[in-house]
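Engineer:
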Amino acid sequence: MSSTEDFYRARAVESQAQADAAALDNVRDRCLRSAAAWEAMASRAARTDKLRAETEARKAAAALVD
1 MSSTEDFYRA RAVESQAQAD AAALDNVRDR CLRSAAAWEA MASRAARTDK LRAETEARKA
61 AAALVD
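When you line the sequence shown up against the working numbering, it's residues 1 to 66, in that order.
#1: Check whether the Cβ atoms of arginine 9 and alanine 42 lie closer than 8 Å to each other.
#2: Can you tell me whether DSSP reads serine 15 as helix, strand or coil?
#3: Using 8 Å as the threshold, is the C-beta distance between alanine 35 and alanine 19 below it?
#4: Can you give me the start and stop residues for the alpha helix (DSSP H) that leucine 64 sits inside?
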């Protein structure tokens with residue numbers, strides 16, 4: 001897990017907590033949208049990290065064969 005992904009997930013948790021504490025519906029909705037956006041960014045960051053690691057491993061294996 002990258003520090004970027006950790007940051008995004010922390011912001012998602014923070015936004016969810018703000019939504020839980022919100023008294024106004026529009027504020028709650030805004031915080032829930034924010035939490036969903038942060039979570040989506042965290043998922044993309046995780047997928048990117050995974051693909052990057054796979055690519056690096058594939059390149060390293062190819063370098064050993066050559």
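All C-beta atoms, glycine included, are put in the ideal place defined by N, C-alpha and C.
Structural biologist: Taking the geometry as given:
#1: yes
#2: helix
#3: yes
#4: 25 to 65
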